[in-house]
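Comments concern the structure below.
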Amino acid sequence: MSWESATNLKYDVRFTDDLVLAATGVLAEANIPAATNATTTWIDPPFVASPGAPAHTALFYRVTALPDAATPLTLTTDLVASNLVSPTVVTHAGDGLGRLFVADQPGTIRVINGQGTLLPEPFLDITGLMTNLEPAFGGAPRGLNPGYDERGLLGLTFHPGYSTNGRFFVYYSSPKFVTNAVNHESIVAEYSVTATNINLANPASGQIWFRIDQPEFNHNGGALAFGPDGYLYIALGDGGGGGDVHPPIGNGQESTNLLGAILRIDVDSGMPYVSPPNNPFVGIMGRDEIFAYGLRNPWKFSFDRGGSNQLFAADVGQGEWEEVNIIEKGGNYGWRILEGNRAFDPALLDTLGLSLADLKPPIHDYPHGPLGISVIGGHVYRGTAYSSLQGKYVFGDFSTSFGSADGALYYLEESRPGIWERFEFTLSPPGRLNRFVKGFGEGEDGELYLLSSGTLGPSGSTGDVRLLRKP
33 MSWESATNLK YDVRFTDDLV LAATGVLAEA NIPAATNATT TWIDPPFVAS PGAPAHTALF
93 YRVTALPDAA TPLTLTTDLV ASNLVSPTVV THAGDGLGRL FVADQPGTIR VINGQGTLLP
153 EPFLDITGLM TNLEPAFGGA PRGLNPGYDE RGLLGLTFHP GYSTNGRFFV YYSSPKFVTN
213 AVNHESIVAE YSVTATNINL ANPASGQIWF RIDQPEFNHN GGALAFGPDG YLYIALGDGG
273 GGGDVHPPIG NGQESTNLLG AILRIDVDSG MPYVSPPNNP FVGIMGRDEI FAYGLRNPWK
333 FSFDRGGSNQ LFAADVGQGE WEEVNIIEKG GNYGWRILEG NRAFDPALLD TLGLSLADLK
393 PPIHDYPHGP LGISVIGGHV YRGTAYSSLQ GKYVFGDFST SFGSADGALY YLEESRPGIW
453 ERFEFTLSPP GRLNRFVKGF GEGEDGELYL LSSGTLGPSG STGDVRLLRK P
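327 is the number that our numbering gives to position 295 of the sequence shown; each next residue is one higher, with no gaps.
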C-alpha cells in the first residue's frame, strides 16, 4: 500500500483498485503505519480488508488530514420508569395518546401512560409461553457469563392501523424439545387490544405468524418494525454459538435459510403470510422472505422517520469489530466473510464465487476496547426538543465488559456524503452511565429513550427507561 502521510491521527482516504472500484472511507490510525514524511509501500494483510478492496490487494491511498472534529453534543438522561427487569423495547402505538409500551425480557409488556406513569398491570403477559431464561426462572449457570441470556421477549411493534384495528406483534423465545440440535424456537405472533380497556391486550387473541428453530441460545436478533411500505420487517441472528460455524458456509451467507437475515413479509393478505413480490429472492434460489442477509446478530434496527426513510441496523461483532449498516434490499452485509470492514473468513469469497464488491460495507465500524464490546442499535433523531441532534443516528454500546455495567452513548453524523463520523455524548452531569445499555426507543413525538439496567442478565429490578434530552 502506498500512502502519503499527514500530521494528525485521522485520515480521509480515497482509493481505487485494479477492479476500477472507487470508495471513500475513514480509516483509524491503527490501520496505517506510524505517520512519517516518507512514502511507504505496504500490502494489506487479510485482517485489514477495506470496502471494495480484496485482501492482499495493493492499494494506492491518498491520505489527507481531516478537519478538526466537532465538539460532541451533551446529553441528559431523565428517569421515566424503573423497577423493570431487563427492558428490550420501548415504542409507541401511533394512536395519538402519548403512551409508551415497554417490553421486558422475561415476557411482559408494560404501559407508560400519557402522564408518564408506569401502570402496574401488564398490557400483555406471555411469560407462560417463554423458554426458561437464566436466572429469572432457575436456569443453569451459563459458562463464562453466569446470569446472561439473549433469549426472551425481544421484539414489539404496532400495526400502522393500530388505532382502528388494535393489532400488534411480538417476537419471543419459546421452548422446543424435539432435538438436541435445537435450543429453542423464535416466534413472531400477533395479539390485539381488548375492546373495553385500551391498556390491556387480549391474551387469548394470540396467533403465530412465524416460527424458526434456533440452534443456540444467543444471536436471536428479534427486532420488529413496520416499514414505510406497510410490510413487517423481522431481524434474525445467525443462530449463535460463535463464528457462525453452522455447516457448510454459515447461516449468514446461506440464502436458503432465514437465519442471519432481515426478513420482509406481508401480514395484511391473510394467513399464512405472503412475501412481497419484489423481495430479492422471489423467483430465484433463496428464501422469498429475505430482504437482506449476511448479518451476525442485528441487535435492533429502525427506520428513519425522516429523509428517505432509510433502515439502520446495528450488527454485533464476533470479538473485534462492531458495525452499523444502512440496509438495502438484496444487500449482503458480509458476515462471516467480514467482521466490520475486516476479513474474518475470506476463503468464503472463493467458495461462494463472490468478490468484496458483492458485499455491502457498514457505514461505520469500531473496535472492541474502551468503546465497548456489543453495539446497540438506536434511531435517527427526528424530534423537536434538541435541534443540534436532528438527523443524527443515536446508538450505544452494551458495556466495555460482561463483568461491569459500563455502557456508553454515541451518535453518528454524516459529515459529508457517505462519511459517517462517530461521537460519544458528553453526559450531564459529567461521568459514566454505570449501566448496561439494552436498547433505545422512539416516542410518537420523535423524542428518544434509553433502556438500561444495572444487571447483566434478566434478573432483579434494576431495569429502567430514560428520556434522552438536551441539558
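For glycine and all other residues, C-beta sits at the position ideal for the given N, C-alpha and C.
Query raised in the report: Quick one, are the C-beta atoms of Leu504 and Gly292 less than 8 Å apart?
Result: Nothing can be reported for residue 504, as the shown portion of the chain is limited to 33 through 503.
Query raised in the report: Alpha carbon to alpha carbon, how far is Ile281 from Leu384?
Result: On the sequence shown, position 249 is the one that residue 281 refers to. On the sequence shown, position 352 is the one that residue 384 refers to. Going by the C-alpha atoms only, they are around 9 Å apart.
Query raised in the report: In its own chain, which residues sit with a C-beta less than 6 Å from the C-beta of Asp438, not counting the 5 before and 5 after it?
Result: Translated into positions along the sequence shown, residue 438 becomes position 406. Here the set comprises Ser431, Thr432.
Report task. Just tell me which of Phe344, Pro138, Asn311 has its CA closest to the CA of Leu327. Result -> In the sequence shown, the residue the question calls residue 327 occupies position 295. Checked all of Phe344, Pro138, Asn311; the closest Cα to Leu327 is Phe344.
Query raised in the report: Can you pull the DSSP bridge partners for Val134?
Result: Against the sequence shown, residue 134 aligns to sequence position 102. Val134 pairs with Val122, Arg142.
Query raised in the report: Which value, in whole angstroms, describes the spacing of the CA atoms of Gly435 and Glu217?
Result: Here residue 435 refers to the residue found at position 403 of the sequence shown. Here residue 217 refers to the residue found at position 185 of the sequence shown. Distance between the alpha carbons of Gly435 and Glu217 is about 28 Å.
Report task. Would you decide whether Ala213 is buried or exposed? Buried here means 16 or more other CB atoms lie within 10 Å of its CB. Result -> In the sequence shown, residue 213 corresponds to position 181, counting from 1. Exposed is the call here.
Query raised in the report: Can the beta-carbon of Ile405 be found less than 8 Å from the beta-carbon of Gly428?
Result: Here residue 405 is taken as the residue at index 373 of the sequence shown, counted from 1. Here residue 428 is taken as the residue at index 396 of the sequence shown, counted from 1. Their beta carbons are not under 8 Å apart, which means Ile405 does not touch Gly428 by this criterion.
Query raised in the report: So what's Asp382 in DSSP terms, helix, strand or just coil?
Result: Within the sequence shown, numbered from 1, the residue matching residue 382 stands at position 350. Note: Asp382 maps to helix in three-state DSSP.
Query raised in the report: Expressed to the nearest angstrom, what Euclidean distance is found between the alpha-carbon atoms of Gly146 and Leu370?
Result: Sequence index remark: in the sequence shown, residue 146 carries index 114 (1-based). Sequence index remark: in the sequence shown, residue 370 carries index 338 (1-based). One C-alpha to the other measures close to 45 Å.
Report task. Put Thr103 into one of helix, strand or coil per three-state DSSP. Result -> Here residue 103 corresponds to residue number 71 of the sequence shown, with the count starting at 1. Coil at Thr103, not helix or strand.
Query raised in the report: Can you give the Cα-Cα distance for Ile158 and Ala227, rounded to whole angstroms?
Result: The residue labelled residue 158 in the question sits at position 126 within the sequence shown. The residue labelled residue 227 in the question sits at position 195 within the sequence shown. If I take the Cα positions, the gap works out to 19 Å.
Query raised in the report: For Asp261, which residues does DSSP report across the bridge?
Result: Your numbering for residue 261 matches position 229 in the sequence shown. Beta-bridge pairing links Asp261 to no other residue.
Query raised in the report: Can you give the Cα-Cα distance for Lys392 and Leu500, rounded to whole angstroms?
Result: Against the sequence shown, residue 392 aligns to sequence position 360. Against the sequence shown, residue 500 aligns to sequence position 468. When only Cα atoms are considered, Lys392 and Leu500 end up about 31 Å apart.
Report task. Assess, as a yes-or-no matter, whether the segment 334-342 is touched by the segment 294-309 under the definition of 3 or more beta carbon pairs within less than 8 Å. Result -> The answer is no - the segment 334-342 does not touch the segment 294-309, with fewer than three Cβ pairs under 8 Å.
Query - Beta-carbon proximity list for Leu302, same chain, < 8 Å, skipping 5 on both sides - result: Working through the sequence shown from its first residue, we reach residue 302 at position 270. Reading off the sequence, residue 302 comes out as Gly, not Leu. The answer is none, since no qualifying residue turns up.
Query - Environment of Pro133 [buried if 16+ CB atoms lie within 10 Å] - result: Position 101 of the sequence shown, counted from the first residue, corresponds to residue 133. A small fix is needed here, since residue 133 is Phe in this sequence, not Pro. It counts as buried.
Query raised in the report: How long is the line joining the alpha carbons of Glu453 and Glu445, rounded to whole angstroms?
Result: Within the sequence shown, the letter at position 421 stands for residue 453. Within the sequence shown, the letter at position 413 stands for residue 445. Using only the alpha carbons, I get a separation of about 5 Å.
Requested in this report: Have a look at Ser206, Ser205, Tyr180, Val225 and flag the residue whose alpha-carbon is nearest the alpha-carbon of Thr196.
Outcome: Here residue 196 refers to the residue found at position 164 when the sequence shown is read from its first residue. Per the Cα distances, Val225.
Query - Ala113 versus Phe457, Gly148, Arg374, residue with shortest Cα-Cα distance - result: Residue mapping note: residue 113 aligns to position 81 of the sequence shown, counting from 1. The shortest Cα separation from Ala113 among Phe457, Gly148, Arg374 belongs to Gly148.
Query raised in the report: From Leu150, Phe242, Arg467, pick the residue whose C-alpha is nearest to that of Val306; which is it?
Result: For the purposes of this step, residue 306 is taken as the residue at position 274 of the sequence shown. Out of Leu150, Phe242, Arg467, Phe242 has the C-alpha closest to the C-alpha of Val306.
Query raised in the report: Who are the near neighbours of Asn234 in its chain, counting only those whose CB is closer than 8 Å to its CB and skipping five residues on each side?
Result: Here residue 234 refers to the residue found at position 202 when the sequence shown is read from its first residue. Taking C-beta separations shorter than 8 Å and ignoring five residues to either side along the sequence, the partners of Asn234 in its chain run Tyr223, Ser224, Val225, Thr226, following chain order.
Requested in this report: Would you give the residue range spanned by the alpha helix (DSSP H) that Asn373 belongs to?
Outcome: What you label residue 373 is simply residue 341 of the sequence shown in a count that begins at 1. Looking at the DSSP string, Asn373 is not in any alpha helix (DSSP H), and its letter there is neither H nor E.
Query raised in the report: If Val356 and His396 are in contact, beta carbons under 8 Å, what's the gap, nearest whole angstrom?
Result: Translated into the one-based positions of the sequence shown, residue 356 becomes position 324. Translated into the one-based positions of the sequence shown, residue 396 becomes position 364. Val356 to His396, Cβ: 5 Å. Contact.
Query - Through-space distance from Ile219 to Leu150, alpha-carbon basis - result: Reading the sequence shown from its first residue, position 118 is the one you call residue 150. Reading the sequence shown from its first residue, position 187 is the one you call residue 219. The alpha-carbon atoms of Leu150 and Ile219 are separated by roughly 27 Å.
Query - Endpoints, alpha helix (DSSP H) assigned at Thr196 - result: Against the sequence shown, residue 196 aligns to sequence position 164. Per DSSP, Thr196 belongs to the alpha helix (DSSP H) from 194-197.
Query raised in the report: Thinking C-beta only, is Leu107 closer than 8 Å to Phe457?
Result: Counted from its first residue, the sequence shown places residue 457 at position 425. Counted from its first residue, the sequence shown places residue 107 at position 75. Yes, they are a contact pair.
Query raised in the report: Just reading off the beta strand (DSSP E) that Ser224 is part of, what are its end residues?
Result: Position 192 of the sequence shown, counting from 1, holds the residue named residue 224. Residues 216-225.
Query raised in the report: Taking just the CA atoms, how far does Leu465 sit from Ser485?
Result: The sequence position of residue 485 within the sequence shown is 453, counting from 1. The sequence position of residue 465 within the sequence shown is 433, counting from 1. In a straight line, the C-alpha of Ser485 is about 10 Å away from that of Leu465.
Query raised in the report: Anyone know if the C-beta pair for Thr123 and Phe190 falls short of 8 Å?
Result: Within the sequence shown, the letter at position 91 stands for residue 123. Within the sequence shown, the letter at position 158 stands for residue 190. In this structure, Phe190 lies closer than 8 Å to Thr123 by Cβ.
Query - Which residues DSSP lists as bridging Ser345, in chain order - result: Position 313 of the sequence shown, counting from 1, holds the residue named residue 345. For the sequence presented, residue 345 should be read as Ala rather than Ser. Looking at the DSSP assignment, Ala345 forms a beta bridge with Phe333, Asn357.
**Report entry** Beta-carbon spacing of Glu182, Asn215 below 8 Å
**Finding:** As a working mapping, residue 182 is identified with position 150 in the sequence shown. As a working mapping, residue 215 is identified with position 183 in the sequence shown. No.
Query raised in the report: To which residues does DSSP link Tyr425 through a beta bridge?
Result: As a working mapping, residue 425 is identified with position 393 in the sequence shown. Val412, Leu444, per the DSSP bridge assignment.
Requested in this report: Report the residue from Tyr365, Asp300, Ile316, Met162 whose alpha carbon sits nearest the alpha carbon of Asn329.
Outcome: Mapped onto the sequence shown, residue 329 falls at position 297. Nearest option by C-alpha distance: Tyr365.
Query raised in the report: Exposed or buried, which one is Met317 when buried takes at least 16 other CB atoms within 10 Å?
Result: Working through the sequence shown from its first residue, we reach residue 317 at position 285. With fewer than 16 other Cβ atoms within 10 Å, it is exposed.
Requested in this report: Between the Cα of Phe323 and those of Asn289, Asp245, Gly492, spot the shortest distance and give me the residue it belongs to.
Outcome: Translated into the one-based positions of the sequence shown, residue 323 becomes position 291. For Phe323, the nearest C-alpha among the options comes from Asn289.
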